[in-house]
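A.B. asks:
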Amino acid sequence: MVDREARSARRSERRDDVGLTSWELDGGSDADVFRAAMRRMVGGVTVIATRHAGRPWGMTVSAFTPVCMDPPTLLVCVNSRTVTASDISRDGRFAVNLLSEAQLHVSQLCSAAGSDKYVDDHVVPAALIPSRVAMPILRDSIVSFDCRVAEVRVVGSHNIVIATIESILAPTARGPLLYGEGKYLRGVGIDDLAALERV
Ligand SMILES: Cc1cc2nc3c(=O)[nH]c(=O)nc-3n(C[C@H](O)[C@H](O)[C@H](O)COP(=O)(O)O)c2cc1C
4 MVDREARSAR RSERRDDVGL TSWELDGGSD ADVFRAAMRR MVGGVTVIAT
54 RHAGRPWGMT VSAFTPVCMD PPTLLVCVNS RTVTASDISR DGRFAVNLLS
104 EAQLHVSQLC SAAGSDKYVD DHVVPAALIP SRVAMPILRD SIVSFDCRVA
154 EVRVVGSHNI VIATIESILA PTARGPLLYG EGKYLRGVGI DDLAALERV
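In the numbering used here, each residue's number is its place in the sequence shown (first place is 1) plus 3.
Okay, structure coming up:
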């Protein structure tokens, strides 16, 4: 305990040398500090699925937020220079697939900058889902939302896409794929962990 306090005091002194308090991130530019702060957020991972050149295409996106229930609405933030942003602007349609831990490879495929992100091999065949669902639904997702764009707002480098949910598919309950501190994570309930530690 004493050791920890001494270490923390020493750290504070070092920070004072460069004019920072222990409450601030020592990250360089404002953009670097923002990035370092955001790395601390742990959250779910989605793949936004569109159609590109007539084929299903996916982009990994963690900036996904439910907006309201009436009408059912969500939003995603997509870099405006991506293929996905152009597909969404052109068609006004996309699906949000919330990924399970079985889809780590899909997230990796759909976040590789500058490479093709066709997801034909991961799409649920049309015969297995209701015919009203228009956009690509990915196998093993926790839940998928078929969406129609209601509004797009441009903020800096990103498009905030607000969309009405037209259909929700939730085939099976699975463990979520999580991302934070620059790596993929698996969720473990605090109660489950306590039970494991007792074994
Ligand atoms: C876990 C994770 C989350 C991401 N979340 C977002 C996001 O919310 N919005 C975004 O624009 N890009 C996000 N990206 C980056 C895009 O997936 C990546 O830049 C994009 O697929 C590159 O597309 P491009 O080849 O068309 O440029 C994320 C990447 C990862 C690995």
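Glycine included, C-beta positions come from ideal geometry on N, C-alpha and C.
Work out the CA separation of D143 and L181 for me, nearest whole Å.
C.D. replies: For the purposes of this step, residue 181 is taken as the residue at position 178 of the sequence shown. For the purposes of this step, residue 143 is taken as the residue at position 140 of the sequence shown. When rounded, the distance between both Cα atoms is 15 Å.
A.B. asks: Could you tell me which residues DSSP puts in a beta bridge with C113?
C.D. replies: Taking the first residue of the sequence shown as position 1, residue 113 is located at position 110. Paired residue(s): none; C113 is not in a bridge.
A.B. asks: If you run the structure through DSSP and keep just helix, strand and coil, what is M41?
C.D. replies: Against the sequence shown, residue 41 aligns to sequence position 38. Note: M41 maps to helix in three-state DSSP.
A.B. asks: Go ahead and label P139 buried or exposed: buried means 16 or more other beta carbons lie within 10 angstroms of its beta carbon, across all protein chains shown.
C.D. replies: Taking the first residue of the sequence shown as position 1, residue 139 is located at position 136. Classification for P139: buried.
A.B. asks: At the level of alpha carbons, what is the spacing between V5 and T24?
C.D. replies: Translated into the one-based positions of the sequence shown, residue 5 becomes position 2. Translated into the one-based positions of the sequence shown, residue 24 becomes position 21. In this prediction, V5 has a pLDDT of 46, which is less than 50 and means its spatial position is unreliable; what the coordinates show is noted afterwards. So the alpha carbons of these two residues sit roughly 21 Å apart.
A.B. asks: Taking 8 Å as the cut-off, decide whether the C-beta atoms of A153 and T76 are in contact.
C.D. replies: Translated into positions along the sequence shown, residue 153 becomes position 150. Translated into positions along the sequence shown, residue 76 becomes position 73. Closer than 8 Å, so yes.
A.B. asks: Please report the distance separating the alpha-carbon of Q111 from that of P69.
C.D. replies: Taking the sequence shown and counting its residues from 1, one reaches residue 111 at position 108. Taking the sequence shown and counting its residues from 1, one reaches residue 69 at position 66. Roughly 24 Å between the two C-alpha positions.
A.B. asks: Are N82 and T49 closer than 8 Å when you measure CB to CB?
C.D. replies: For the purposes of this step, residue 82 is taken as residue 79 along the sequence shown, with counting starting at 1. For the purposes of this step, residue 49 is taken as residue 46 along the sequence shown, with counting starting at 1. No, the Cβ-Cβ distance between N82 and T49 is not below 8 Å.
A.B. asks: With a threshold of 8 Å on Cβ separation, who are the neighbours of R42 within its own chain once the five nearest residues in sequence on each side are excluded?
C.D. replies: Locating residue 42 in the sequence shown gives position 39, counting from the first residue. Counting only Cβ-Cβ distances below 8 Å, and skipping sequence neighbours, we find G183, E184, G185.
A.B. asks: Where DSSP assigns a beta bridge to S147, which residues make up the other side?
C.D. replies: On the sequence shown, position 144 is the one that residue 147 refers to. S147 is bridged to N100, L172.
A.B. asks: For my contact list, A130 and D149 are in at a C-beta cut-off of 8 Å; report their separation, rounded to the angstrom.
C.D. replies: Position 127 of the sequence shown, counted from the start, is the residue given in the question as residue 130. Position 146 of the sequence shown, counted from the start, is the residue given in the question as residue 149. That pair is no contact at about 16 Å.
A.B. asks: Can you tell me which of A166, E104, V202, D29 puts its alpha carbon nearest to the alpha carbon of L188?
C.D. replies: Along the sequence shown, read from residue 1 onward, the residue named residue 188 stands at position 185. Among A166, E104, V202, D29, the Cα nearest to that of L188 is on E104.
A.B. asks: For D73, count neighbouring Cβ atoms within 10 angstroms of its own Cβ and tell me buried if that reaches 16, exposed if not.
C.D. replies: Indexing the sequence shown from 1 puts residue 73 at position 70. Per the 10 Å Cβ criterion, exposed.
A.B. asks: Cα separation between Y194 and R93?
C.D. replies: Working through the sequence shown from its first residue, we reach residue 194 at position 191. Working through the sequence shown from its first residue, we reach residue 93 at position 90. Correcting the residue identity first, residue 194 is Asp in this sequence and not Tyr. In a straight line, the C-alpha of D194 is about 46 Å away from that of R93.
A.B. asks: Around the C-beta of W60, are 16 or more other C-beta atoms found within 10 angstroms, so that it is buried, or is it exposed?
C.D. replies: Locating residue 60 in the sequence shown gives position 57, counting from the first residue. W60 comes out buried.
A.B. asks: For the alpha helix (DSSP H) containing A198, list its first residue and its last residue.
C.D. replies: Along the sequence shown, read from residue 1 onward, the residue named residue 198 stands at position 195. Per DSSP, A198 belongs to the alpha helix (DSSP H) from 193-201.
A.B. asks: Beta carbon of P128: closer than 7 Å to some heavy atom of ligand 2?
C.D. replies: In the structure on display, ligand 2 does not appear, and the ligands it does have are ligand 1.
A.B. asks: Just checking S110 against ligand 1 - is the residue's beta carbon closer than 7 Å to any of the ligand's heavy atoms?
C.D. replies: Along the sequence shown, read from residue 1 onward, the residue named residue 110 stands at position 107. The answer is yes for S110.
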